[in-house]
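A.B. asks: Structure in structure tokens, see below.
In this note's numbering, the protein residues as written are 4 to 228.
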């Protein structure tokens, strides 16, 4: 079966094109040219971020396509270990490049707000509406810090829509809970542990890690956490 599997004969190297480190280094060399006006230097920096984002997104797209092909090339019951590992490797690398592209996209949103052109008023407000402007719109669009934070919120909203559904997250929590129910895994378990610890201590105030009584309660008889 392994000899006829289309994935078994493929190289472990997922992409044979130019190494990413060379691309990033060459793009950076082109950007740090000290010639030109401030506006030209600013434009080169913005272009550099655009290039990095485009490169990362292209790598993600290509790896995502390869992952889909590898996943469809075998049946779960008959797949070889090599084919499974190759598909898993491609999936992990694709996710890594997706996150890389998302970070560069965040910079694409923040740079124009934080470093607007000197001779123009910051444009493209992060909070626009087709309705009549309100006091909130005026505040956000007239406050650089508020505009920056609204840009971050828009970015977070965008990447959250690209993530797994809540059903998939809950399913993953159930699958990884080695004891109890869903609260036995992930941040939910951590929060439950903190609440339980506070109830056991019967401490009526906010927990202060520097308080002597609290510090002593967090160690065992061997004086270790």
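In this text, a Cβ means the ideal position worked out from N, Cα and C, and glycines have one as well.
#1: Report the residue from 202, 39, 105 and 89 whose alpha carbon sits nearest the alpha carbon of residue 61.
#2: How long is the line joining the alpha carbons of residue 31 and residue 55, rounded to whole angstroms?
#3: Cα separation between residue 47 and residue 115?
#4: Over the uninterrupted alpha helix (DSSP H) stretch that includes residue 22, give me the two end residues.
#5: Is residue 165 helix, strand or coil when you go by DSSP?
#6: Alpha carbon to alpha carbon, what distance is there between residue 26 and residue 150?
#7: Report yes if the C-beta distance between residue 94 and residue 68 is below 8 Å; otherwise report no.
#8: Alpha carbon to alpha carbon, how far is residue 37 from residue 51?
#9: Could you work out which residue in 90, 163, 143 and 59 is closest to residue 72 when comparing CA atoms only?
#10: Report the rounded CA-to-CA distance for residue 96 versus residue 85, giving the unit in angstroms.
#11: Does residue 202 pass the burial test, meaning 16 or more other C-beta atoms within 10 Å, or should it be called exposed?
#12: If contacts are defined as beta-carbon pairs under 8 Å, then residue 112 and residue 157 qualify, I think. What distance do you get, rounded to the angstrom?
#13: Buried or exposed: where does residue 148 fall if 16 or more other Cβ atoms within 10 Å of its Cβ makes it buried?
#14: Ends of the alpha helix (DSSP H) at residue 112?
#15: Excluding five sequence neighbours on each side, which residues of the same chain lie with their C-beta closer than 7 Å to the C-beta of residue 74?
#16: Taking just the CA atoms, how far does residue 98 sit from residue 165?
#17: Tell me whether residue 38 sits in a helix, a strand or coil according to DSSP, three-state version.
#18: Mapping DSSP to helix, strand and coil, what is residue 29?
C.D. replies: Taking the coordinates as given:
#1: Looking up residue 61 in the chain shown gives position 58. The option with the nearest alpha carbon to residue 61 is 105.
#2: Along the chain shown, read from residue 1 onward, the residue named residue 31 stands at position 28. Along the chain shown, read from residue 1 onward, the residue named residue 55 stands at position 52. Those two C-alpha atoms are separated by around 10 Å.
#3: Counted from its first residue, the chain shown places residue 47 at position 44. Counted from its first residue, the chain shown places residue 115 at position 112. Distance between the alpha carbons of residue 47 and residue 115: 13 Å.
#4: For the purposes of this step, residue 22 is taken as the residue at position 19 of the chain shown. From DSSP, residue 22 is part of no alpha helix (DSSP H); its letter is neither H nor E.
#5: For the purposes of this step, residue 165 is taken as the residue at position 162 of the chain shown. Note: residue 165 maps to coil in three-state DSSP.
#6: Along the chain shown, one-based indexing puts residue 150 at 147. Along the chain shown, one-based indexing puts residue 26 at 23. So the two alpha carbons sit approximately 32 Å from each other.
#7: Taking the first residue of the chain shown as 1, we reach residue 94 at position 91. Taking the first residue of the chain shown as 1, we reach residue 68 at position 65. Not in contact: residue 94 and residue 68 (Cβ atoms no closer than 8 Å).
#8: The residue labelled residue 37 in the question sits at position 34 within the chain shown. The residue labelled residue 51 in the question sits at position 48 within the chain shown. Taking the straight line joining both Cα atoms gives about 15 Å.
#9: Taking the first residue of the chain shown as 1, we reach residue 72 at position 69. Answer by Cα proximity: 90.
#10: Translated into positions along the chain shown, residue 96 becomes position 93. Translated into positions along the chain shown, residue 85 becomes position 82. Approximately 16 Å between the Cα atoms of the pair.
#11: Numbered from its first residue, the chain shown carries residue 202 at position 199. By the 10 Å Cβ count, residue 202 comes out exposed.
#12: Looking up residue 112 in the chain shown gives position 109. Looking up residue 157 in the chain shown gives position 154. About 7 Å; that satisfies the 8 Å criterion.
#13: Here residue 148 corresponds to residue number 145 of the chain shown, with the count starting at 1. Classification of residue 148: exposed, given that the 10 Å Cβ count is below 16.
#14: Indexing the chain shown from 1 puts residue 112 at position 109. From DSSP, the alpha helix (DSSP H) with residue 112 extends over 84-117.
#15: Walking along the chain shown from the start, residue 74 turns up at place 71. So the qualifying residues of the chain are 90.
#16: Within the chain shown, the letter at position 162 stands for residue 165. Within the chain shown, the letter at position 95 stands for residue 98. When rounded, the distance between both Cα atoms is 12 Å.
#17: Position 35 of the chain shown, counting from 1, holds the residue named residue 38. If DSSP states are grouped into helix, strand and coil, residue 38 belongs with coil.
#18: Locating residue 29 in the chain shown gives position 26, where the first residue counts as 1. Reduced to three states, the DSSP call for residue 29 is helix.
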